[in-house]
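Add 80 to the 1-based position in the sequence shown for the numbering used here, that's all there is to it. Glycine included, C-beta positions come from ideal geometry on N, C-alpha and C. Since the structure comes first, as structure tokens, the remarks are kept for the end.
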Amino acid sequence: MSQTNEYPLSLKKSKSLLAKYLTQEVFNELKNRTTINGFTLKSAINSGVENPDSGIGAYVGDEESYEIFSELFDPIIEEYHGFSKDDKHKSNLNPDDLNAPNPDKDGNYILSTRIRVARNIANIPLGPAISKEQRNSVEKQVSEILTSFSGELGGKYYPLNNINENNRASLIADHFLFKAGDRFLESAGLNRDWPNGRGIFHNNDKTFLVWINEEDELRIISMQQGGDIKEVFTRLTSAITKIQKQIKFAYNDHLGYITSCPTNLGTAMRASVHIKLPNLGAKMDEFQSIADKYSVQIRGIHGEHSDSEGGIYDISNKRRLGVTEVECVQDMYDGVVALIKREKELSQKT
Ligand code: ADP
Ligand code: CIR
């Protein structure tokens, strides 16, 4: 992609973190820099430039982008994660350290629980900069490793360019499979060569799934019906440990696991429940203030940037960097307990 010398006008009206931190001065400083993989400032900011309603608005093409464009990414990371450029990331994958007894044993609120982590293979460009050949080779390497698993984690790989259409549509409707990237991912270059090189691996029960070459090269997912969050976390950690024995992932002590979107850095973990909160849904200001207090994010039930349906929301941890995996899940858990408590109070008033 060619460099640009003009400050992008669309950012002047945008409330994204990109618009906040890409001042004219930072723009001038960064506009002629290129990473070892040829990734430029223009590519890094294109999503936020073409979509001024972005929350963040920037993606990276490789681990080095976080260094080369640090004048932009350091403050974005600091504001989103509350993590400064001298901090070190930390990890704890031990399920015994999690305090998360099922908060909804009667099944009145929580429909399902899902925890995912993103991973990218060391020394290969990330999705926004990966070539078609590199993407295909990631698909081959990862799908071969996964299909060698047996027991609970054993399953089959379904490449998107060769999947039955009914199967694809029902996997998406049932929240197992990703759809084609939205306009944010499109502008980030993440839909190039779609659907080649992409696919999903899953076990028979669809409780262990791996997305290949979506926003990150791997999204490792554990999910099931109901609110047994510890069981979902335990399955995920055993899958991560098994996969990491065979693949070296991009990681450093400062940023943790390297991901294409700065919001996913660190643990790269999003732990979520789909939960019925119709009364809180009718009081969005209060709902949002509880979410902010517990550092959880509210999403709709068909993925990021989707709407709620029938008073059901996706509640997940917001912090991922500078906190351990156990703390990520604990954030989500504590937020969910507080939301259920308030939802019960509101339903008794009506
Ligand atoms: P991410 O992969 O970053 O978590 P999305 O928000 O796009 O991104 O969600 C991906 C898919 O996972 C969507 O289909 C969404 O409905 C589904 N999903 C997320 N959380 C849950 C959950 N707790 N239960 C069931 N499906 C979920
Ligand atoms: C945005 O900037 O809004 C999109 N690129 C998505 C950012 C990551 N998602 C999030 O924080 N919810």
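For Leu289: DSSP bridge partner residues: Numbered from its first residue, the sequence shown carries residue 289 at position 209. Answer is His282 and Ile301, bridged to Leu289.
Same chain, Cβ closer than 6 Å to Ile148, five either side skipped, listed in chain order: Here residue 148 is taken as the residue at index 68 of the sequence shown, counted from 1. Cβ neighbours of Ile148 within its own chain (closer than 6 Å, five residues either side excluded): Arg113 and Thr115.
Would you check if there are 3 or more beta carbon pairs closer than 8 Å linking the region 172 to 186 to the region 288 to 301? As far as the Cβ criterion goes, the region 172 to 186 does not touch the region 288 to 301, which means the pair count is below three.
Measuring only the C-alpha atoms, how far is Gly391 from Lys356? As a first step, residue 391 is located in the sequence shown; it is residue number 311 there, counting from the start. As a first step, residue 356 is located in the sequence shown; it is residue number 276 there, counting from the start. When the Cα atoms are used, Gly391 and Lys356 turn out to be separated by approximately 6 Å.
Does DSSP classify Asn155 as helix, strand or coil? To locate residue 155, count along the sequence shown from 1; it is residue 75. In the sequence on display, residue 155 carries Pro and not Asn. Pro155 falls in the helix class under three-state DSSP.
Quickly, what does DSSP pair Phe329 with across the bridge? List them, please. Position 249 of the sequence shown holds residue 329. According to DSSP, Phe329 shares a beta bridge with Ile201.
Flag Gly306 as yes when its Cβ comes closer than 7 Å to any non-hydrogen atom of the ligand ADP, and as no otherwise. Residue numbering aside, residue 306 sits at position 226 when the sequence shown is read from its first letter. No; taking the cut-off as 7 Å, the Cβ of Gly306 has no heavy atom of the ligand ADP nearer than that.
Could you tell me the alpha carbon to alpha carbon distance between Tyr101 and Ala330, rounded to whole angstroms? Residue mapping note: residue 101 aligns to position 21 of the sequence shown, counting from 1. Residue mapping note: residue 330 aligns to position 250 of the sequence shown, counting from 1. Whole-angstrom Cα-Cα distance: 26 Å.
With a cut-off of 6 Å, give the chain-ordered residues whose Cβ is closer than this to any heavy atom of the ligand ADP. Spelled out in chain order, the answer is Ser192, Thr193, Arg194, Arg196, His255, Arg299, Met303, Arg350, Ser352, Val353, His354, Arg379, Ile381, His382, Gly383, Glu384 and Asp394.
Contact check, Gln305 vs Ser192 under 8 Å by CB: the rounded distance? Taking the first residue of the sequence shown as 1, we reach residue 305 at position 225. Taking the first residue of the sequence shown as 1, we reach residue 192 at position 112. 5 Å between Cβ atoms; contact.
With Gly336 and His161 assumed to form a contact (beta carbons below 8 Å), what rounded beta-carbon distance in angstroms separates them? As a first step, residue 336 is located in the sequence shown; it is residue number 256 there, counting from the start. As a first step, residue 161 is located in the sequence shown; it is residue number 81 there, counting from the start. Actually they do not touch by this definition, with Cβ atoms about 10 Å apart.
Which residue's Cα is closest to the Cα of Ile381: Ser427, Gly269 and Ile252? What you label residue 381 is simply residue 301 of the sequence shown in a count that begins at 1. Answer by Cα proximity: Ile252.
What is the rounded straight-line gap between the Cα of Pro155 and the Cα of Ser145? Here residue 155 refers to the residue found at position 75 of the sequence shown. Here residue 145 refers to the residue found at position 65 of the sequence shown. For Pro155 and Ser145, the distance between alpha carbons rounds to 14 Å.
Any non-hydrogen atom of the ligand CIR within 7 Å of Ile338 CB: Looking up residue 338 in the sequence shown gives position 258. The answer is no for Ile338.
My parser needs the beta strand (DSSP E) runs of 3 or more residues fully inside the region 107 to 132; what are they? None, since the region 107 to 132 contains no complete beta strand (DSSP E) of that length.
Would you check whether the ligand CIR has a heavy atom nearer than 7 Å to the C-beta of Ile125? By 1-based counting over the sequence shown, the position of residue 125 is 45. For Ile125, the shortest separation between its Cβ and any heavy atom of the ligand CIR does not lie below 7 Å.
Check each candidate in Ser171, Ser94, Lys212 and Gly118 and name the one with the smallest Cα separation from Gly137. For this step, residue 137 is matched to residue 57 along the sequence shown. When only C-alpha atoms are compared, the closest one is Ser94.
Sorry if obvious, but does the Cβ on Gly135 come closer than 7 Å to a heavy atom of the ligand CIR? Against the sequence shown, residue 135 aligns to sequence position 55. Yes, since a heavy atom of the ligand CIR falls inside the 7 Å radius drawn around the Cβ of Gly135.
Under the assumption that Gly279 contacts Glu219 (Cβ atoms under 8 Å), give the Cβ distance between them as a whole number of angstroms. Position 199 of the sequence shown, counted from the first residue, corresponds to residue 279. Position 139 of the sequence shown, counted from the first residue, corresponds to residue 219. Contact holds; Cβ gap of about 6 Å.
Would you call the CB atoms of Leu419 and Asn359 closer than 8 Å? Residue 419 sits at position 339 when you count from the first residue of the sequence shown. Residue 359 sits at position 279 when you count from the first residue of the sequence shown. 8 Å or more divides the Cβ of Leu419 from the Cβ of Asn359.
With a 10 Å radius around its C-beta and 16 neighbouring C-beta atoms as the bar for buried, classify Gln326 as buried or exposed. Indexing the sequence shown from 1 puts residue 326 at position 246. That one is exposed.
What does DSSP give as the partner residue(s) for Lys356 in the beta ladder? As a first step, residue 356 must be located in the sequence shown, where it is residue number 276. In the DSSP output, where bridge partners are listed per residue, Lys356 has Ile392.
Which whole-angstrom value is the C-beta distance of Leu222 and Leu298, which I expect to be below 8 Å? Within the sequence shown, numbered from 1, the residue matching residue 222 stands at position 142. Within the sequence shown, numbered from 1, the residue matching residue 298 stands at position 218. A quick correction: the sequence has Val, not Leu, at residue 222. Confirmed, about 6 Å.
beta-carbon Ser96 near the ligand CIR non-hydrogen atom, thresh 7 Å: Translated into positions along the sequence shown, residue 96 becomes position 16. At least one heavy atom of the ligand CIR is found less than 7 Å from the C-beta of Ser96.
Residue closest to Leu257, alpha-carbon to alpha-carbon, out of Ser267, Phe229, Ser318 and Lys286: By 1-based counting over the sequence shown, the position of residue 257 is 177. Nearest of Ser267, Phe229, Ser318 and Lys286 to Leu257, Cα basis: Lys286.
Can you tell me which of Glu266, Gly361, Asp262 and Asn283 puts its alpha carbon nearest to the alpha carbon of Ser386? The sequence position of residue 386 within the sequence shown is 306, counting from 1. Nearest in C-alpha terms to Ser386, of all of Glu266, Gly361, Asp262 and Asn283, is Asp262.
If you run the structure through DSSP and keep just helix, strand and coil, what is Ala268? Position 188 of the sequence shown, counted from the first residue, corresponds to residue 268. Here Ala268 sits in coil by DSSP.
Using the Cβ count rule (16 or more neighbours within 10 Å means buried), how would you classify Gln377? Here residue 377 refers to the residue found at position 297 of the sequence shown. By the Cβ neighbour-count rule, Gln377 is buried, with 16 or more other Cβ atoms within 10 Å of its own.
Within a Cβ cutoff of 6 Å, which residues of the same chain sit near Met349, ignoring the five residues on either side of it in sequence? Along the sequence shown, one-based indexing puts residue 349 at 269. Taking Met349 as the centre and dropping the five residues before and after it, the same chain places the C-beta of Val197, Arg400, Glu405 and Cys408 closer than 6 Å to its C-beta, in chain order.
Just mark Gly118 as buried or exposed, buried being the case when its beta carbon has 16 or more other beta carbons within 10 Å. One-based indexing of the sequence shown puts residue 118 at position 38. It counts as exposed.
Ser396: which of Gly402, Val403 and Val416 sits nearest, CA to CA? For this step, residue 396 is matched to residue 316 along the sequence shown. Here the closest residue by C-alpha is Val416.
Proximity test, Cys408 beta-carbon vs the ligand CIR heavy atom, cut-off 7 Å: Here residue 408 corresponds to residue number 328 of the sequence shown, with the count starting at 1. No, since every heavy atom of the ligand CIR falls outside the 7 Å radius drawn around the Cβ of Cys408.
May I ask which residues mark the beginning and end of the beta strand (DSSP E) holding Ile439? This structure gives no information on residue 439, because the portion of the chain shown stretches from 81 to 430.
Quick check on the DSSP output: the alpha helix (DSSP H) that includes Tyr238 runs from which residue to which? Looking up residue 238 in the sequence shown gives position 158. No alpha helix (DSSP H) holds Tyr238; the beta strand (DSSP E) holding it covers Gly235 to Pro239.
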